[in-house]
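Residue numbers (this note's numbering), protein chains in the order written: chain A, 277 to 426; chain B, 277 to 426. Just so you know, even glycine gets a beta-carbon here, dropped at the ideal spot from N, CA and C. In this text, all values refer to a predicted model and were calculated from it rather than measured experimentally.
There are 2 protein chains.
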Amino acid sequence: MKWNDLNDESCPMARAMGVVGDRWTLLILRDAMSGIRRFDQFQENLGITRHVLAERLKKLEALGLMRREPYQDRPVRYDYRLTRAGKEFAPVMLAMTDWAARNLPHDDPAPFRFVARDTGTEIEPALTDRLTGQELTYRSVRMVPANKVR
Amino acid sequence: MKWNDLNDESCPMARAMGVVGDRWTLLILRDAMSGIRRFDQFQENLGITRHVLAERLKKLEALGLMRREPYQDRPVRYDYRLTRAGKEFAPVMLAMTDWAARNLPHDDPAPFRFVARDTGTEIEPALTDRLTGQELTYRSVRMVPANKVR
DNA sequence: TTGACATGGTTCCAAAATAGAACTTATAGT
DNA sequence: ACTATAAGTTCTATTTTGGAACCATGTCAA
């Protein structure tokens, strides 16, 4: 399997690997969610090389997670903002952050937290079934081949 | 930042990138969740080179997501199974799969689905706050620097 | 007892991705 | 004219991944 063909895989996990399965993309999205928009800010904040950053931003644009937009004329300068698809990635980030904090422990505390926008209280994420409200875990869910469903 | 130092980052997203931020690891986890355990099965199913597969399995073992276990003597042969930490990654996979299916569309249907183990009905995942039950979205959640929380 | 098969790896070389640093372009301000 | 800003691009060195062959340890059948 070739790396660039991942967009074309029928398995959504494979396509997801096409998004986050490289260095930096996940952290670029994290920074974007924290409000960062400009090339130089991403670069300085992450310590990524400008070369790779430019490539990743192009990729994220091509995949539809971010869009490049002029924020001034003369000289025209562009920044990068999350699209709807990019914003909808937020729950995945939340779930992943929660998992990492629990399962890849570290001496120092996390440099950020997630709080409810309205109440300001810290959040405790749980993945649930929208229909039944039940929590979704490894045990409560089965992965079945698509052709066996019906 | 060096790739191997990611385990040592205080940011959980950075540590998460140390897990899934490479080629193949995400798909190895997908296959493990679908029940695959043996080296050759992973290899054939994924089309990954044996070289890289061996490396990834070692990494997943070192990170505590999988463990290597003998399944027969004479000759002793080992397979790879998810640990508790590995199984707890399932909701992240679910959320990511759901996101990819919605936001990276594809002509063909996904090769698998997730169903509730008890009822057998298809699942519709939503990330919620365990305390309030409210759905967690980009808009309902804020990311705040840790030092500003209290 | 020898030769094919099974299965979890390792080794070696080529190709591709990433790191690191310098350079480019367009314009404003002094 | 000179300096600063900010989004990129270009070039070379290093690291990661791909591809194929090989190795280790045993079983089983002839």
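- request: Determine which residues share a DSSP beta bridge with M342/A and list them.
  value: Working through the first sequence from its first residue, we reach residue 342/A at position 66. Paired residue(s): L358/A.
query = Which of helix, strand or coil does DSSP assign to R426/A?
reply = Position 150 of the first sequence, counted from the first residue, corresponds to residue 426/A. Here the model assigns R426/A a pLDDT of 49, short of 50, so the residue's position is not dependable, and the following value carries that caveat. In this structure, R426/A counts as coil in the three-state DSSP scheme.
ask   = Roughly how many angstroms lie between the CA atoms of M369/A and A371/B, to the nearest whole one?
value = As a first step, residue 369/A is located in the first sequence; it is residue number 93 there, counting from the start. As a first step, residue 371/B is located in the second sequence; it is residue number 95 there, counting from the start. Rounded to whole angstroms, M369/A to A371/B spans 9 Å at the Cα level.
Under a CB-based cut-off of 7 Å, is P421/B close to chain A? Within the second sequence, the letter at position 145 stands for residue 421/B. True, the Cβ-Cβ gap to chain A drops below 7 Å.
In this structure, how does DSSP classify V352/A when only helix, strand and coil are distinguished? Start at 1 with the first residue of the first sequence, and residue 352/A comes out as number 76. Note: V352/A maps to coil in three-state DSSP.
Worksheet item: Taking 7 Å as the CB-CB cut-off, is Y347/A touching chain B?
Response: Position 71 of the first sequence, counting from 1, holds the residue named residue 347/A. Taking Cβ atoms only, chain B never reaches closer than 7 Å to Y347/A, which makes this a no.
Requested in this report: Determine the DSSP secondary structure at F318/A, reduced to helix, strand or coil.
Outcome: As a working note, residue 318/A is residue 42 in the first sequence. Helix.
* To do: Starting from D383/A, trace the alpha helix (DSSP H) both ways and give me its first and last residue.
  => Position 107 of the first sequence, counted from the first residue, corresponds to residue 383/A. It is not in any alpha helix (DSSP H) - D383/A carries neither H nor E in the DSSP assignment.
Mapping the DSSP letters down to three states, classify N283/B as helix, strand or coil. As a position in the second sequence, residue 283/B is number 7, starting the count at 1. Note: N283/B maps to helix in three-state DSSP.
Practice item. Could you tell me whether the Cβ atoms of G340/B and A308/B are closer together than 7 Å? Key: Along the second sequence, read from residue 1 onward, the residue named residue 340/B stands at position 64. Along the second sequence, read from residue 1 onward, the residue named residue 308/B stands at position 32. No; because the gap between Cβ atoms is not below 7 Å, this pair is not in contact.
### Query
Thinking C-alpha only, which one of L412/A, D281/A, L380/A is nearest L336/B?
For the purposes of this step, residue 336/B is taken as residue 60 along the second sequence, with counting starting at 1. Comparing Cα positions, the closest option is L380/A.
Review point. For A402/A, which residues does DSSP report across the bridge?
Key: Counting from 1 along the first sequence, the entry for residue 402/A is found at position 126. In DSSP, A402/A forms a bridge with T404/B.
Review point. What whole-angstrom Cβ distance do D405/B and E400/A have, given they're in contact under 8 Å?
Key: Residue 405/B sits at position 129 when you count from the first residue of the second sequence. Residue 400/A sits at position 124 when you count from the first residue of the first sequence. Right, their Cβ atoms sit about 6 Å apart.
- prompt: Can you find a CB in chain A that lies within less than 7 Å of the CB of A338/B?
  reply: As a working mapping, residue 338/B is identified with position 62 in the second sequence. By this cut-off, A338/B is not an interface position.
Practice prompt. On the DSSP bridge assignment, give the partners of M419/A in chain order.
Written response: In the first sequence, counting from the first residue as 1, residue 419/A sits at position 143. According to DSSP, M419/A bridges with F390/B.
- State the DSSP-derived secondary structure class of H337/A, mapped to helix, strand or coil. As a working note, residue 337/A is residue 61 in the first sequence. According to the sequence displayed, residue 337/A carries Glu and not His. Of the three classes helix, strand and coil, the one that applies to E337/A here is helix, per DSSP.
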